[in-house]
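S.K.: Mind looking over this structure? Questions follow.
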Amino acid sequence: MVKLDLEKISLPGLELERPWMIAGPCSAETEEQVLETAKQLSANGFKIFRAGIWKPRTRPGAFEGVGTIGLPWLKRVKEETGMYVGTEVANAHHVFEAIKHGIDILWVGARTTANPFAVQEIADALKGVDIPVLVKNPVNPDLELWIGALERINQAGIKKLAAIHRGFSTYDKTKYRNHPQWQIPIELKRRIPELPIICDPSHISGKSELIYEISQEAMDLSFDGLLVESHRCPEKAWSDASQQVTPDDLKAITDKIVLRKPKIGEKPRVTLDELRQEIDKLDTSVLEVLQKRMQISEAIGKYKKENDITILQTRRYDEIMNNRKAKGAKMGLSDEFLTKLFESIHEESVTRQNKIMNQ
Ligand code: PEP
Ligand code: MN
728 MVKLDLEKIS LPGLELERPW MIAGPCSAET EEQVLETAKQ LSANGFKIFR
778 AGIWKPRTRP GAFEGVGTIG LPWLKRVKEE TGMYVGTEVA NAHHVFEAIK
828 HGIDILWVGA RTTANPFAVQ EIADALKGVD IPVLVKNPVN PDLELWIGAL
878 ERINQAGIKK LAAIHRGFST YDKTKYRNHP QWQIPIELKR RIPELPIICD
928 PSHISGKSEL IYEISQEAMD LSFDGLLVES HRCPEKAWSD ASQQVTPDDL
978 KAITDKIVLR KPKIGEKPRV TLDELRQEID KLDTSVLEVL QKRMQISEAI
1028 GKYKKENDIT ILQTRRYDEI MNNRKAKGAK MGLSDEFLTK LFESIHEESV
1078 TRQNKIMNQ
């Protein structure tokens, strides 16, 4: 268990109720775009506005945010809609500027969380400040690094702290932009049960069509809220266009979400349902991996056919068996299980290659 000194997150004059919703464009682009988007969100009942002012971009040359000139636009959002506003900070300068301009909530982005020097600089700049700070998971699936960033911010005296799950980068192309790896936020919840966790379905999905599905999954895993990218005109967004939704569409998505309550009288903790959902997700991954393996096996079958090679290459089969069993044993899997598993995989592979040979 990790012990953090936490306080319930609230905003002056606003009690946060599950699911807390933070919505707004990936980036502040122009004063008009910011205000128009905020007004539409506010008209749909959303109370907390997000907009990136400084954008950490993977490659140079992409839009890196408007910078400090965008902060007065957020101030106008507060004045004209009554919404609370939040933005991402990546260094001490960002923190000072954001605080000076009355930003209500700050978050640390995924690329920044991965860098302890940057997080420490932000933590030092936050000393004496009392506002909610949200810490995104690092881009890499490293729970300790995520917890480390939360500890640094907490040790600087920030007690209104929450985590944001935005998925993890992978080299593999999957249906997600950033793989959710739900077991990691679930483990974070187990290690720090009193820490609120919200989900960022926009950066997990990379595409607007998946926002509902991921949001519902997060709610079913007892997440506390959602941070969603919303733009008045997503196709024209200067960053992350494909994952943004209009304020009206976001309202439709949130209306569709079924909010299942944790059992009355029970403290939030990892439940049997959550563990089962985790198993369901892992089994889906197992099936996807097997499907990929069989596709490759078929490609090998074609190669063997074109080159007149026999299907069964005994030496290769022995090698596979021995190597997988040795690896599996180190992972605590029994010899009997591994033998059955790989014999069965091999058998299916041979059947498929046979079909191809004799087509
Ligand atoms: C963002 O919220 O716009 C952002 C840059 O996200 P992340 O840090 O999750 O990539
Ligand atoms: Mn974005």
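Residue numbers (our numbering): 728 to 1086. Idealized CB from N, CA, C, for every residue including glycine.
Indicate the three-state DSSP secondary structure (helix, strand or coil) for Val846 in the structure shown.
M.R.: DSSP places Val846 in helix when its eight states are reduced to three.
S.K.: Hey, would you say the C-beta of Ser966 is under 7 Å away from at least one heavy atom of the ligand MN?
M.R.: Correct: Ser966 has its Cβ closer than 7 Å to the ligand MN.
S.K.: According to the neighbour-count rule (16 or more other Cβ atoms, all chains shown, within 10 Å of its Cβ), is Lys827 buried or exposed?
M.R.: Counting Cβ neighbours within 10 Å, Lys827 comes out exposed, since fewer than 16 surround it.
S.K.: Ordered along the chain, which non-local residues of its own chain (more than five positions away) have a Cβ less than 6 Å from that of Arg784?
M.R.: Within the same chain, Arg784 has close Cβ partners Glu791.
S.K.: What number of angstroms, rounded off, separates the C-alpha of Ser949 from the C-alpha of Ile924?
M.R.: Going from the Cα of Ser949 to the Cα of Ile924 covers about 9 Å.
S.K.: The ligand MN heavy atoms versus the CB of His958: any closer than 7 Å?
M.R.: False, no ligand heavy atom lies under 7 Å from that Cβ.
S.K.: State yes or no: is the C-beta of Cys753 nearer than 7 Å to some heavy atom of the ligand MN?
M.R.: Within the cutoff, so yes.
S.K.: For the alpha helix (DSSP H) holding Glu1070, just list the boundary residues, first then last.
M.R.: Run containing Glu1070: Asp1062 to Met1084, per the alpha helix (DSSP H) assignment.
S.K.: What are the boundary residues of the alpha helix (DSSP H) that includes Ala883?
M.R.: Per DSSP, Ala883 belongs to no alpha helix (DSSP H) and is neither H nor E.
S.K.: Quick one, which of Leu731, Phe776, Gly855 and Leu877 has its alpha-carbon nearest Thr814's?
M.R.: Of the candidates Leu731, Phe776, Gly855 and Leu877, the one whose C-alpha sits nearest the C-alpha of Thr814 is Phe776.
S.K.: Are the Cβ atoms of Leu954 and Ile780 separated by less than 8 Å?
M.R.: No.
S.K.: Using the three-state DSSP reduction, which class does Gly797 fall into: helix, strand or coil?
M.R.: Three-state DSSP puts Gly797 in a helix.
S.K.: Give, in chain order, every unbroken run of the beta strand (DSSP E) that is at least 3 residues long and sits entirely within the region 930 to 992.
M.R.: Segments of the beta strand (DSSP E) lying fully in the region 930 to 992: 952 to 956.
S.K.: Which residues bound the beta strand (DSSP E) around Arg777?
M.R.: Per DSSP, Arg777 belongs to the beta strand (DSSP E) from Ile775 to Arg777.
S.K.: Determine the direct distance from the alpha carbon of Gly875 to that of Val846, and round the result to whole angstroms.
M.R.: Going by the C-alpha atoms only, they are around 9 Å apart.
S.K.: What span of residues does the alpha helix (DSSP H) with Tyr903 cover, start to end?
M.R.: Segment: none, Tyr903 is in no alpha helix (DSSP H) and carries neither H nor E.
S.K.: Helix, strand or coil: how does DSSP classify His892 here?
M.R.: Note: His892 maps to strand in three-state DSSP.
S.K.: His930: beta carbon under 7 Å from a heavy atom of the ligand MN?
M.R.: Answer for His930: yes, Cβ within range of the ligand MN.
S.K.: For Ile924, which of helix, strand or coil comes out of DSSP?
M.R.: Three-state DSSP puts Ile924 in a strand.
S.K.: Could you name the residues of the same chain whose beta carbon sits closer than 7 Å to that of Lys1008, not counting the 5 residues immediately before and after it, in chain order?
M.R.: Only Trp909 meet the Cβ criterion.
S.K.: Express the C-alpha separation of Cys960 and Arg879 in angstroms, rounding to a whole number.
M.R.: The straight-line gap from Cα to Cα measures roughly 38 Å.
S.K.: For Val985, count neighbouring Cβ atoms within 10 angstroms of its own Cβ and tell me buried if that reaches 16, exposed if not.
M.R.: The residue in question, Val985, is exposed, as its Cβ has fewer than 16 Cβ neighbours within 10 Å.
S.K.: Quickly, what does DSSP pair Glu742 with across the bridge? List them, please.
M.R.: Ser737, per the DSSP bridge assignment.
S.K.: Starting from Leu999, trace the alpha helix (DSSP H) in both directions and tell me its first and last residue.
M.R.: Leu999 to Glu1033 is the span of the alpha helix (DSSP H), which, as asked, contains Leu999.
S.K.: According to DSSP, simplified to helix, strand and coil, what is Met1048?
M.R.: Met1048: helix per DSSP, three-state reduction.
S.K.: Run through DSSP, which three-state label would Ile749 get?
M.R.: Strand.
S.K.: Please tell me whether Arg803 and Leu762 are closer than 8 Å, where the distance is taken between their beta carbons.
M.R.: Their beta carbons are under 8 Å apart, which means Arg803 touches Leu762 by this criterion.
S.K.: Select from Glu734, Gly952, Glu756 and Glu742 the residue whose C-alpha is nearest the C-alpha of Trp965.
M.R.: Taking only the C-alpha atoms, the option nearest Trp965 is Glu756.
S.K.: Leu1065 and Lys1052 - do their beta-carbons sit closer together than 8 Å?
M.R.: Contact: yes.
S.K.: Mapping the DSSP letters down to three states, classify Val804 as helix, strand or coil.
M.R.: Helix.
S.K.: Please indicate yes or no: does the CB of Asp869 lie closer than 7 Å to some heavy atom of the ligand PEP?
M.R.: No, the beta carbon of Asp869 sits no closer than 7 Å to any heavy atom of the ligand PEP.
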